[in-house]
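> The following block contains the structure, expressed as C-alpha cells.
Below, the structure written as C-alpha cells:
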C-alpha cells in the first residue's frame with residue numbers, strides 16, 4: 001500500500017511517500033480502506049517528536065481516517081498512528097458510522113477537533129449559560145467548531161481571535177460576536193474591551209507563550225483558561241499558585257486521549273456533533289484537500305498559519 005512514513009524526526013521534509021505491507025487487523029480491530037485522512041497540528045509535533053506522547057521510528061503519522069470496512073460500513077475513526085496510508089487498522093470501539101449527509105472532510109473534522117471543542121467547553125471549561133468565551137485561532141480546525149458550539153451551548157458572548165482579517169471575518173460568519181487581532185502585544189486589553197470592559201469567563205488557548213500569559217491576565221474571578229496546545233512552541237511564563245488564588249482563577253489542561261475508554265466521553269459526544277452536522281446546525285469547514293503524496297506541503301501550510309478549518313489528505317489521489 002502507499003503510505004507516508006518518517007524514518008527520522010524533523011520538520012515537514014521528513015514526510016516521504018513509500019510502499020509498505022498492508023496492516024493486519026487483530027481481535028477487536030477493523031481494517032479500513034482509507035478514503036481520506038485528517039491532518040492535525042498535533043501531527044506536526046509527532047513528526048518532530050515534541051508531542052505529549054513520544055514517537056517511535058519508523059512511523060506512519062495520522063490519527064484519524066474515514067473509509068470503508070470489509071463489510072461496507074462507512075466509518076470515521078481515531079487511530080494510534082498509521083492514518084496517512086491507503087489502509088489502516090483501528091480499534092473497533094473507536095470507529096463511528098458516518099451518517100448520510102456528512103462528507104468525509106466533515107467527519108474528519110469532528111473526530112479529533114470537534115470532540116476536542118466539545119470537551120473544551122463542556123468538560124474542562126464547564127460553560128454555563130451566558131458566560132463569555134474567548135476562542136483563540138478561531139478560524140482553525142478546533143477553533144472554528146468551538147465558536148459554533150459555544151453559541152449552541154448558550155455562551156453569552158463569543159470573542160474570537162485570529163491573525164488576519166480574512167480569518168476574523170470567517171469567525172464572525174461562524175457566529176462569533178466579535179473578532180480581534182491575535183497579536184500578543186496588547187491582547188489582554190483587546191479581550192477585555194471586546195467583552196464590554198469586563199474580564200472574561202473562559203479562554204480556549206492553544207498557542208502558549210505570551211498569548212497564554214495575556215489570556216490568564218484577562219480572566220475574571222472564577223474564570224477558566226483551558227490549555228490544549230502550544231502551537232508557538234514557546235512555553236508560557238510559569239504560573240504561581242498565588243496568581244490563581246488571588247483572583248480565584250483556574251488553568252485546566254486538556255488532551256483528548258484521556259477521554260478514550262471513559263464512559264460517556266467518546267461515542268456520545270461524537271454522536272451528538274455528527275447529528276448536529278447532518279442537520280446543518282454545525283458546519284465543519286474544510287480548508288484544504290491535498291493528495292497523499294503532498295503531506296509535507298500540508299504540514300508546511302499548517303505550521304505557517306496559512307490555513308483555516310480542517311486539512312485533509314485525499315488518499316485516493
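Numbering (full-length UniProt numbering), first residue to last: 1 to 317. Idealized CB from N, CA, C, for every residue including glycine.
1) How would you write the range of the beta strand (DSSP E) that residue 91 sits in, first residue to last?
2) So residue 180 and residue 216 are in contact, right, with Cβ under 8 Å, and what is the actual spacing, rounded?
3) With DSSP as the reference, identify every bridge partner of residue 30, one or two as the case may be.
4) DSSP on residue 228, reduced to helix/strand/coil?
5) Can you list, in chain order, the residues of its chain with a C-beta nearer than 6 Å to that of residue 247? Leave out the 5 residues immediately preceding and following it.
6) Assign residue 59 to one of three DSSP states: helix, strand, or coil.
7) Which word fits residue 245, buried or exposed, when buried means at least 16 other C-beta atoms lie within 10 angstroms of its C-beta?
8) What's the call for residue 24, buried or exposed, on a 16-neighbour Cβ count within 10 Å?
9) To the nearest angstrom, how far is it from the Cα of residue 124 to the Cα of residue 254?
10) If you draw a straight line from the C-alpha of residue 75 to the C-alpha of residue 158, how long is it?
11) Give the list of continuous beta strand (DSSP E) stretches no shorter than 3 residues that lie fully inside the segment 213–290.
12) Quick check on residue 262: buried or exposed, where buried means 16 or more other Cβ atoms within 10 Å of its Cβ?
13) Taking the continuous alpha helix (DSSP H) assigned at residue 298, which residues delimit it?
14) Name the residue from 82, 130 and 164 whose alpha carbon lies nearest to the alpha carbon of residue 306.
15) Could you give the distance in angstroms between the alpha-carbon of residue 295 and the alpha-carbon of residue 87?
16) Just mark residue 258 as buried or exposed, buried being the case when its beta carbon has 16 or more other beta carbons within 10 Å.
17) Have a look at 144, 212, 243 and 229 and flag the residue whose alpha-carbon is nearest the alpha-carbon of residue 328.
18) Looking at the strands, I want to know which residues DSSP matches up with residue 2.
19) Taking the alpha-carbon of residue 131 as reference, which of 196, 81 and 101 has the nearest alpha-carbon?
20) Taking the alpha carbon of residue 302 as the reference point, which residue from 43, 166, 70 and 315 has its own alpha carbon closest?
21) Go through its chain and collect everything with a Cβ distance to residue 34's Cβ below 8 Å, but skip five positions before and after it.
22) Do residue 274 and residue 110 have their CB atoms nearer than 8 Å?
23) Would you say residue 104 reaches chain E, if we count a Cβ-Cβ gap shorter than 8 Å as a contact?
24) Helix, strand or coil for residue 160? Go by DSSP, reduced to three states.
This is what the structure holds:
1) Counting along the chain, the beta strand (DSSP E) containing residue 91 begins and ends at 87–91.
2) Rounded, the Cβ-Cβ distance is 17 Å, inconsistent with contact.
3) Paired residue(s): 90.
4) coil
5) 221
6) strand
7) Result: exposed.
8) Exposed: under 16 other Cβ atoms inside 10 Å.
9) 7 Å
10) 32 Å
11) 219–227 and 250–253
12) exposed
13) 295–303
14) For the residues 82, 130 and 164, the minimum Cα distance to residue 306 belongs to 164.
15) 16 Å
16) exposed
17) Past the boundaries of the shown model lies residue 328; the chain is included only from 1 to 317, so the question cannot be answered.
18) Answer is 19, bridged to residue 2.
19) 196
20) 43
21) Closer than 8 Å at Cβ, skipping near neighbours: 65, 66, 67, 83, 85, 86, 87, 88 and 315.
22) yes
23) No chain E appears in this structure, which consists of one protein chain only.
24) strand
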